[in-house]
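Each residue of the sequence shown is one higher than the last, beginning at -9 in this note's numbering.
The beta-carbon is built from N, C-alpha and C at its ideal position, and this holds for glycine as well.
Quick caveat, the model's predicted, so the values are computed rather than measured.
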Amino acid sequence: MKNPFHFRARKPSYDGYAVVTGAGSGIGRSFALELARRGSAVVCADLKLEGAKETVARIQEAGGTAHAVKCDVGKASQVEKLAAESEELLGHPVTLLINNAGVGMGGKFDELSLEDWKWCMDVNLWGVIHGCHHFVPGFKKRGGGAIINVASAASYTAAPEMSAYNVTKAGVRALSETLYSELKRDNIRVNVLCPTLVPTNIIKDGRLPARYSKLADHALMHYAMTTSDDVAKLTLNRLDRGELYTTPQVDAKLFWMLKRATPNLYANLLGFSYRFVKQ
Ligand SMILES: NC(=O)c1ccc[n+]([C@@H]2O[C@H](COP(=O)([O-])OP(=O)(O)OC[C@H]3O[C@@H](n4cnc5c(N)ncnc54)[C@H](O)[C@@H]3O)[C@@H](O)[C@H]2O)c1
């Protein structure tokens, strides 16, 4: 059988010692596998250790180096521990952090409890803040590093019935944009990934109203324009080129342009089309 990692040693991406959060499924798993293919050693962190171990097993079977770590990114102390443990496991300072772990959340604003908001904010936004907070000092000390933050096209599309998710992803995008310029002089690269639909477990494992969760999952699994593997490859390539944004799909690019070119028209179009959504 052809070795799936035969592209090994296509450095940098960026640049050989990576930590990926939420690496036990979906986009995070694809990042971990692609990094290993490019010759990186990878720490696969996830709230669900079993998922992380499965990713590690796939990497090791193909001859790569990886370690599984249980970590809840919503807890600052666990991310602090992840930073120290990763350096030990890799036997080298971490050179790339991918803040990927995230959860799906939908529903009308008045249907969401404050606990729903807290859960979504803790993982999607605080998880990324914790990651940057605990890894950036190491990058600065070492004279460089790289961060990929996984936001979403939801960070700018502002679709109805996604308030909590949209807010967290807008925060991740704003943080990434700020850090891109602030950390440039420290030789730290930043990329923010803003995809539309990618077929993963995000809806199955998320909190969405029963009235449309099945439909949303069907759309995600059958109408997505790309795969998590392609998204991971593209994002790593863009990071290597020093670019800030990754908007992988055509619809992600179209929404981005429309929103920026005509923000009021965009908002009115959304409000108008939402009137026709069955309640
Ligand atoms: N799938 C999409 O359509 C899509 C689109 C835009 C952005 N995203 C973003 O991509 C990222 C990855 O999601 P995915 O689509 O691969 O979903 P997924 O559900 O397949 O994977 C998410 C992973 O994150 C882990 N996780 C959840 N909470 C965690 C926590 N507190 N600490 C550590 N790990 C945790 C899960 O166990 C899981 O392994 C998320 O940030 C998501 O918001 C996904």
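Counting along the chain, no alpha helix (DSSP H) covers aspartate 112, and no H or E run does either. At a cut-off of 6 Å, the beta-carbon of leucine 244 does not count as near ligand 1: no heavy atom of the ligand is closer than that. When the five nearest sequence neighbours on each side are left out, the beta carbons in the same chain lying within less than 8 Å of the beta carbon of asparagine 156 are those of Ala144, Ser145, Thr147, Ala148, Ala149, in order along the chain. Per DSSP, the unbroken beta strand (DSSP E) holding tyrosine 7 starts and ends at 7 to 11. When secondary structure is reduced to three states using DSSP, threonine 236 falls in the strand class. As the crow flies, the alpha-carbon of serine 103 is around 43 Å from that of arginine 28. Here the alpha carbon of threonine 190 sits roughly 32 Å from the alpha carbon of threonine 252.
Around the Cβ of aspartate 100, a 10 Å sphere holds fewer than 16 other Cβ atoms; the residue is exposed. Secondary structure at asparagine 181: strand, using DSSP grouped into helix, strand and coil. Rounded to the nearest whole angstrom, the C-alpha separation of glutamate 78 and valine 84 is 10 Å. When C-beta atoms of the stretch 29 to 37 are compared with those of the stretch 62 to 82, three or more pairs fall below 8 Å, so the two segments count as touching. Taking every protein chain shown into account, the CB of methionine 152 has 16 or more other CB atoms within 10 angstroms, so this residue is buried. Sorting Leu205, Asp106, Lys98, Ser142 by C-alpha distance to the C-alpha of lysine 243 places Ser142 at the top.
Going by DSSP, lysine 43 is part of the alpha helix (DSSP H) stretching over 39 to 51. The Cβ atoms of asparagine 181 and arginine 228 lie closer than 7 Å to each other. In this structure, the beta-carbon distance from proline 238 to leucine 260 does not fall below 7 Å.
Nearest in C-alpha terms to valine 221, of all of Val140, Lys43, Val126, is Val140.
Distance between glycine 117 and glycine 64, taken at the CA atoms: about 5 Å.
Here phenylalanine 266 is exposed. Its C-beta has fewer than 16 other C-beta atoms within 10 Å. Taking the Cα positions, glycine 97 is about 11 Å away from glycine 196. Cβ-Cβ separation between isoleucine 88 and valine 10: approximately 4 Å, consistent with a contact (criterion under 8 Å). Excluding five sequence positions before and after histidine 123, the CB atoms of its chain that fall closer than 8 Å to its own CB belong to Ala66, Val69, given in chain order. Residue side-chain check: leucine 187 places its Cβ nearer than 6 Å to a non-hydrogen atom of ligand 1. Relative to ligand 1, the nearest heavy atom lies less than 6 Å away from the CB of glycine 92. With a threshold of 16 other beta carbon atoms within 10 Å, glutamate 105 falls short and is exposed.
Judged by DSSP in its simplified three-state form, isoleucine 192 adopts coil rather than helix or strand.
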